[in-house]
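First residue of the sequence shown? That's 154 in the numbering used here, and the numbers climb one at a time after it. Quick reminder that beta carbons are idealized off the backbone N, C-alpha and C, glycines included. Predicted, not measured: the structure shown is a model, and the values here were computed from it. For reference, the structure is listed below as structure tokens.
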Amino acid sequence: MVKVALLVSAMCHFFIMKEYSGDLQFIRFVSSLFFAINFGLFVTTK
Numbered sequence: 154m155v156k157v158a159l160l161v162s163a164m165c166h167f168f169i170m171k172e173y174s175g176d177l178q179f180i181r182f183v184s185s186l187f188f189a190i191n192f193g194l195f196v197t198t199k
């Protein structure tokens, strides 16, 4: 379950960085959001 979530977020991350390569502020926001979600999932499922 955690691996799937990590994989999906990594794929979304890659897609977003490819699409919005000019908007660094947006990338930073999304990456921090993904990090928070992944950290929460990791902690709750451990």
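Can you give me the Cβ contacts of residue i inside the same chain, cut-off strictly under 7 Å, excluding the 5 residues immediately before and after it?
i           : result
valine 155  : Leu194, Phe195 and Thr198
leucine 159 : Asn191
How about residue i and residue j: are their beta carbons less than 7 Å apart?
i              : j                 : result
isoleucine 169 : valine 183        : yes
histidine 166  : phenylalanine 188 : no
Round the Cβ separation of residue i and residue j to the nearest angstrom and send it over; I've been treating them as touching at under 8 Å.
i          : j              : result
serine 162 : isoleucine 190 : 7 Å
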